[in-house]
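Protein chains in written order, with the working numbering: chain A, 37 to 359; chain B, 56 to 317.
Have a look at the structure below, then the notes.
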Amino acid sequence: MAGILIVGDLAAGRPGSEFLELAGAGAALAQATGEPLIGALIARDNAAVRQDCLPPVQRLYLIRDSELRHYGAAAFVAAARSALGASSPSIALFAHTLETRDWVPQLAAALDAGLVMDCVALSLDGDALIATKPVYGGSVWGEFAIRGTLRLATLRPGVFTPATPSDKPEVMQLTVEHIAVNAVTMIDEVAAAASGGVNLKNAKVVVSGGRGVGGAKNWHYIEGAASALRAAVGCSRPVADSGWVSSAYTVGLSGSSVTPDLYIAVGISGAVQHLAGISAARTVVAINSDADAEIFARADLGVVGDYKEVLPAFVKRIEQLKS
Amino acid sequence: MDIIVTIKEVTDPNIPPSYVKLDAQAKRIESPFGVAPVLNGYDENALEEALRLRERHGGRVTVLSLGDDSSRKSLKRALAMGADAAILLSDPVWMYADSATVGRALAAAIRKIGKFDLVMCGRQASDTDAGQVLYWIAETLKLPAVSPIAKIAESEPTNLTVHRLIDGGHQRLRVQLPALLGVSSEINEPRHPTMRGTMNAGRALIPGWKLRDLGIAQAVPKVELRRLTVQTRTTKAQLIDGSSDADRGIALADKLHDMGLV
């Protein structure tokens with residue numbers, strides 16, 4: 037038996053939006069190989085599966101176990117192994133998240149399988165799965181050939197075209213065989229302290245300031261814009277290094293990676309260090325007085341000008357539009 | 056507490072993307088002329104945390120790097136920061152090695168070193184962004200791997216209490232040693248080498264181990280890099296027009312509103 041297996045999370049009866057994207061990418065591979073598309077969902081709670089939001093897979097495995105409520109690599113690896121055991125796929129796809137980037141490589145190492153993470157394109161070339169992923173903060177793309185009887189990839193969310201939900205696939209329950217030995221025990225889970233009222237990592241909108249803001253005394257321009265947009269505040273590394281704001285606000289390699297729908301970069305030049313943290317941002321706006329700043333190559337929209345003039349007018353207009 | 060820290064030398068991430076250069080085979084990112092490669096940031100965090108654990112519990116910190124001869128500079132920097140010993144794994148067979156190969160070579164070197172309580176790695180390297188090597192080390196040595204670590208809250212000679220980042224917060228975990236930690240940048244602010252440390256590091260001898268010194272065979276790689284391509288964006292940002300900066304600010308608000316983003 038072979039197949040293309042897609043593995044996702046199920047919370048409140050629904051798979052994450054990434055699961056439909058995995059189905060879209062997996063369906064293309066299934067068609068090219070003539071192998072069936074198979075799904076596996078790891079349930080994070082007791083809610084029943086809602087049938088109206090499932091992708092067109094031939095079979096869907098549901099894995100439900102009390103050990104899977106809180107994240108732990110060993111339990112997730114065990115869950116995935118049970119789905120892999122049931123379906124013997126030639127390719128397995130996962131969404132690229134903070135959790136999968138921890139447990140999927142452990143699965144790969146345990147099974148001695150080739151894995152490429154954070155892929156933005158997939159194709160087939162003979163017996164190789166060709167996976168493309170951004171490296172070096174997204175300024176370079178790497179093209180990798182993955183070989184072997186089982187090939188693994190995690191896919192960057194928001195890149196692949198999602199499949200349309202279809203009629204009810206056949207759902208089969210799977211049990212997990214846990215490995216009893218575990219040197220890691222959880223004490224508790226703690227929610228992150230919010231930055232500027234909004235959690236930076238999960239924020240839909242981020243307003244970020246760079247060296248071009250000119251000093252701590254000007255930081256209120258950034259906070260004002262963030263407050264008007266109900267956005268989280270971010271900064272580039274030089275801003276934190278200069279002590280204008282706490283390093284907890286840093287976006288980039290030395291800080292947080294963010295995934296907002298809208299990222300507004302004010303006075304940020306656009307070093308690789310910073311761009312690495314915003315590679316998954318959907319729309320990037322740059323406001324910078326230097327028309328040659330690198331950030332304009334990454335940004336979708338740009339304003340060349342003095343932010344001290346641009347931002348107050350921008351904020352005022354936003355408030356008009358809202359009322 | 057004897058700790059082994061794995062480090063990687065990378066192209067400086069604080070350079071503009073347009074300065075990024077590839078080697079002739081388009082398989083490696085090369086440092087542009089005049090910009091020295093640096094110690095991977097997360098690895099520097101791992102080393103700093105190892106040094107703090109040693110200050111508290113005693114023991115030895117050994118740094119280990121797989122790379123070409125220029126990686127000696129990063130190993131010397133690690134010694135200057137306070138590491139007790141450094142070892143370089145360097146062999147042409149590892150030129151374009153995949154994560155599994157690098158992880159297994161590092162694991163074999165750790166076995167050869169012998170005594171350790173903890174292996175500390177950066178959560179990923181800033182050049183390749185693969186984030187896999189630490190897990191191949193852990194699997195090969197049958198160690199529990201815990202990553203990404205934002206804090207070591209408590210440390211005892213036989214166990215640690217760590218904060219592991221998850222979506223929207225962190226988990227507090229008790230980790231029995233021996234174990235492997237993947238360290239994130241939130242954990243600390245790495246120290247700068249002292250003058251005395253730098254002078255001592257300059258005189259230090261760094262052994263170089265090759266594949267045959269590790270007693271392992273070269274496996275057929277499962278993942279092969281075909282090529283790297285520099286992403287030159289053909290579409291630059293759409294610039295917002297206006298007669299003044301304030302006008303452009305207003306036009307930007309209108310544009311984002313039309314796009315449904317605000």
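Even glycine gets a Cβ: it sits at the ideal position worked out from N, Cα and C.
Please work out which residues of its chain come closer than 7 Å, Cβ to Cβ, to residue i, disregarding the five sequence neighbours upstream and downstream, and give them in chain order.
i, result
"L280 (chain B)", "K82, Y151"
"I258 (chain A)", "V243, G245, V249, V269, V302"
"A164 (chain B)", "L119, I142, L144, W264, L269"
"P91 (chain A)", "F55, L56, A59, G75, A199, P201, S202"
"H312 (chain B)", "none"
"K344 (chain A)", "Y257"
Tell me, to the nearest whole angstrom, how far the beta carbon of residue i is from that of residue j; I am working on the premise that it is less than 8 Å.
i, j, result
"V346 (chain A)", "D336 (chain A)", "The Cβ separation is near 17 Å, so there is no contact."
"G122 (chain B)", "S240 (chain B)", "Rounded, the Cβ-Cβ distance is 21 Å, inconsistent with contact."
"G49 (chain A)", "V85 (chain A)", "6 Å"
"M153 (chain A)", "A155 (chain B)", "Not confirmed; about 13 Å, so no contact."
"A219 (chain A)", "P199 (chain B)", "5 Å"
"V93 (chain B)", "A105 (chain B)", "With a Cβ gap of about 18 Å, V93 (chain B) and A105 (chain B) do not count as contacting."
"G173 (chain A)", "L289 (chain A)", "7 Å"
"G224 (chain B)", "E225 (chain A)", "6 Å"
"L98 (chain A)", "L73 (chain A)", "The pair is not a contact, with the Cβ atoms about 16 Å apart (cut-off 8 Å)."
"V60 (chain B)", "L102 (chain B)", "5 Å"
"L147 (chain A)", "L158 (chain A)", "Their Cβ separation, rounded to whole angstroms, is 19 Å, which puts L147 (chain A) and L158 (chain A) out of contact at 8 Å."
Would you mind stating whether residue i and residue j have Cβ atoms separated by less than 8 Å?
i, j, result
"A111 (chain A)", "Q142 (chain A)", "no"
"V217 (chain B)", "N100 (chain B)", "no"
"A292 (chain B)", "A349 (chain A)", "no"
"L357 (chain A)", "A308 (chain B)", "yes"
"R80 (chain A)", "L104 (chain A)", "yes"
"D222 (chain B)", "L134 (chain A)", "yes"
"P71 (chain B)", "G306 (chain A)", "yes"
"P25 (chain A)", "A239 (chain A)", "For chain A, the structure presents residues 37 to 359; residue 25 (chain A) sits outside this window and is missing."
"V140 (chain A)", "L186 (chain A)", "no"
"E179 (chain A)", "T168 (chain A)", "yes"
"L232 (chain B)", "R219 (chain B)", "no"
"A252 (chain A)", "W280 (chain A)", "yes"
"I207 (chain B)", "A133 (chain B)", "no"
"F171 (chain B)", "I58 (chain B)", "yes"
"L210 (chain A)", "V241 (chain A)", "no"
"I295 (chain B)", "G338 (chain A)", "yes"
"V275 (chain A)", "P205 (chain A)", "no"
"G252 (chain B)", "A135 (chain B)", "yes"
Please identify the residue among the options whose C-alpha is closest to the C-alpha of residue i.
i, options, result
"V148 (chain B)", "B:I271, B:A101, B:I305", "B:I271"
"W191 (chain B)", "B:A133, B:H225, B:K277", "B:K277"
"V118 (chain B)", "B:P92, B:V230, B:G177", "B:G177"
"D268 (chain B)", "B:L173, B:A160, B:L77", "B:A160"
"A205 (chain B)", "B:A234, B:N243, B:I59, B:Q179", "B:N243"
"S315 (chain A)", "A:N324, A:K352, A:A329, A:S292", "A:S292"
"A312 (chain A)", "A:S159, A:D326, A:R334, A:I300", "A:R334"
"Q309 (chain A)", "B:V60, B:A135, B:A140, B:T66", "B:T66"
"L235 (chain B)", "B:V275, B:L173, B:R111", "B:L173"
"A64 (chain A)", "A:P51, A:I42, A:L147", "A:I42"
"R183 (chain A)", "A:V176, A:D163, A:D328, A:S175", "A:D163"
"A140 (chain B)", "B:D153, B:G158, B:G114", "B:G114"
"T136 (chain A)", "B:R251, B:R127, B:V201, B:T284", "B:V201"
So the alpha helix (DSSP H) residue i belongs to, where does it begin and stop?
i, result
"H256 (chain A)", "255-264"
"I354 (chain A)", "343-358"
"L289 (chain A)", "It is not in any alpha helix (DSSP H) - L289 (chain A) carries neither H nor E in the DSSP assignment."
"M254 (chain B)", "250-258"
"Q209 (chain A)", "It is not in any alpha helix (DSSP H) - Q209 (chain A) instead sits in the beta strand (DSSP E) that spans 206-210."
"E225 (chain A)", "No alpha helix (DSSP H) holds E225 (chain A); the beta strand (DSSP E) holding it covers 220-227."
"E367 (chain A)", "The structure shown does not extend to residue 367 (chain A), since chain A is modelled only from 37 through 359, so no value can be given for it."
"E103 (chain A)", "Looking at the DSSP string, E103 (chain A) is not in any alpha helix (DSSP H), and its letter there is neither H nor E."
"Q142 (chain A)", "136-147"
"N100 (chain B)", "96-112"
So, for residue i: in the same chain, excluding its five sequence neighbours on each side, which residues have a beta-carbon less than 8 Å away from its beta-carbon?
i, result
"S53 (chain A)", "P193, P198"
If you follow the beta strand (DSSP E) that residue i is in, where does it begin and where does it stop?
i, result
"F130 (chain A)", "127-131"
"E179 (chain A)", "176-182"
"A208 (chain B)", "200-210"
"D154 (chain A)", "150-155"
"I78 (chain A)", "73-79"
"T190 (chain A)", "187-191"
"T216 (chain B)", "214-221"
Excluding the 5 residues preceding and the 5 following residue i in the sequence, name in chain order all residues of the same chain whose CB lies nearer than 6 Å to its CB.
i, result
"A230 (chain A)", "Low per-residue confidence applies at A230 (chain A): pLDDT is 49, beneath 50, and the placement is therefore not dependable enough to give any value."
"A261 (chain A)", "V243, L347, V351"
"A144 (chain A)", "L151, L188"
"F196 (chain A)", "E57, G60, A61"
"V188 (chain B)", "S154, V157, G158"
With 9 Å as the limit, tell me which residues of the segment 170-192 of chain A have their beta carbon closer than that to any beta carbon of chain C; keep them in chain order.
-> Although the question refers to chain C, the structure presented lacks it and instead comprises the protein chains A and B.
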